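Top to bottom, those sequences are chains A and B. Here the first sequence is numbered in my numbering, starting from 129 and rising by one per residue. Here the second sequence is numbered in my numbering, starting from 129 and rising by one per residue. Every residue, glycine too, gets a C-beta built ideally from N, C-alpha and C. From a predicted model like this one, the values you see are computed outputs, not experimental measurements.
Number of protein chains: 2
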Amino acid sequence: MNTNFDIENFILDFSNSCQKKQKKIFSKNEVVTTYIKNRNQLCILLDGNADLVRYDLNGNRTIVEHFSKNALFGEVFYTITTNNELLVEAKSNCTVLFYSYDDIFHKCRNNCKFHQTLSENLPQLILNKVTDLNMRIELLTKRSTRDKLLGYFSLLSTRKLSTSFELPFSLTDLADYLSVDRSAMMRELKLLKEDGFIEKIGNRITLLYK
Amino acid sequence: MNTNFDIENFILDFSNSCQKKQKKIFSKNEVVTTYIKNRNQLCILLDGNADLVRYDLNGNRTIVEHFSKNALFGEVFYTITTNNELLVEAKSNCTVLFYSYDDIFHKCRNNCKFHQTLSENLPQLILNKVTDLNMRIELLTKRSTRDKLLGYFSLLSTRKLSTSFELPFSLTDLADYLSVDRSAMMRELKLLKEDGFIEKIGNRITLLYK
DNA sequence: TATTTTCCGTTGCAAAAGCAACACATTATG
DNA sequence: CATAATGTGTTGCTTTTGCAACGGAAAATA
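Have a look at this one:
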């Protein structure tokens, strides 16, 4: 997520000022938080990687979002409307700052620096989230596994400004992110290699098409 | 989109105050606007229905969002990252208010009432958009056409607080919204009827499962 | 380091979805 | 009102995807 303000300083303000916060450390595979209706939690991933994951009634797992260092998440950015279970799972050891609001848009009484920065930047932060979500929708509306893969690769390529990049996911997780069957995705990956679209060495993909 | 403030009054302010605006009338199937990079247009649908539509390279059409009376749209809510063509098509005769920003978060010089209301409410408005997008992602991550249909129906049912409701789309458009083949969707609809999940009379669906 | 667990890569088979085509109904439009 | 355009409903066939299962590689863990 790209932001237009200094997120490092923001985090510093957050850590130093407002009292209603908690810092916690998680090990890999632990549940960082569960999204709960009518709560407004704001979380900052200080270190590590985590995924926002949903399990549906058929037992399918979907990776809704992938978070890395400095990512902001929590119900603030995800108004819950259904009763699906949404949880954030640590993909590596993680350090997370938690902050709970009654109303995210109201400043706290002490009028601390953190809140000032937050309320100034929250619209932009949420807008960044909107961008992410729209990208995700664009991926998901692609009709075939092949197009989803190519779409996702092209996105990573654009981000890294290179035709070669590491996947931020294991292949198993990538399938859950693209919402396709893993083995079908593997088959398609093989075909993409055979058809000369990509090269794949371990977790590194290189795009070969112009 | 549900908002927490008086959108009718907001629109009134919009119409009466700020000068940099335009009101236009469109007939069915006309293009209301095309989303353009690095522009921040804010549009309000005063009357009628419209869809945000994307055409991909394979010629597939996707309905990204569906707008009805009082909906807000425009690049403000959709940061463009890819070069797909995104356009808003009038589905009926429409009246639309346009407003163009250099920077959506800066107040205009005259400090008009519209801008005041807007900057106060923009975060909430964007948050509502986030909710919509998340719901859409939830639909799109469903693995089968059946689950997409049932998921969408259940959503409409929740909104209308009734197990019976009108589809806001033609069936052709519904397929484009759920990102599935129309004929396959029709087949699935028939099966849902045969299996006793739904009843369908014209555009009206009734859910029969508990 | 030995052992368990997770992930990768693959395959055969079944199920689902897409494609193309068509007849008919409904809705716009000259 | 006649005609054109669009939407609905259906079907046969093909392609894609999902499911289940398995062996081996890699990584985590005791």
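| Check | Outcome |
| --- | --- |
| Partners in chain B for A:R264, counting only beta-carbon separations shorter than 7 Å | I265 |
| Boundaries (first-last residue) of the alpha helix (DSSP H) holding B:K321 | 310-322 |
| For A:E327, three-class secondary structure by DSSP | strand |
| Alpha helix (DSSP H) segment containing A:E158, residue limits | Neither: A:E158 is in no alpha helix (DSSP H) and is coded neither H nor E. |
| CA-to-CA distance, B:G202 to B:E316, given in whole angstroms | 34 Å |
| Reduced DSSP secondary structure (H/G/I, E/B, other) of B:L277 | helix |
| Extent of the continuous alpha helix (DSSP H) run through B:T245 | 241-268 |
| C-alpha distance - A:N130 paired with A:N256, whole-angstrom precision | Residue confidence is low: A:N130 scores 45 on pLDDT, short of 50, so the model does not pin down where it sits. Its coordinate-derived value is still stated next. The straight-line gap from Cα to Cα measures roughly 7 Å. |
| A:L191, DSSP secondary structure in three states | One detail in the question is off: residue 191 of chain A reads as Ile in this sequence, not Leu. Correct three-state label for A:I191: strand. |
| Touching by the beta-carbon criterion (3+ pairs, under 8 Å), the region 317-337 of chain B and the region 209-228 of chain B | no |
| Residues that A:I254 contacts on chain B, provided the C-beta gap is smaller than 8 Å | P251, I254, L255, V258 |
| Interface positions of the region 265-293 of chain A facing chain B (Cβ-Cβ less than 7 Å), listed along the chain | I265, E266, L268, T269, R271 |
| Inter-residue spacing [alpha-carbon to alpha-carbon] between B:T259 and A:L302 | 24 Å |
| B:Y337, DSSP secondary structure in three states | coil |
| Strand pairing of A:L215, partner residues [DSSP] | A:T162, A:V181 |
| Distance, A:G330 Cα to B:R310 Cα | 38 Å |
| First and last residue of the uninterrupted beta strand (DSSP E) at A:Y227 | 222-229 |
| C-alpha gap between A:E248 and A:T161, whole angstroms | 26 Å |
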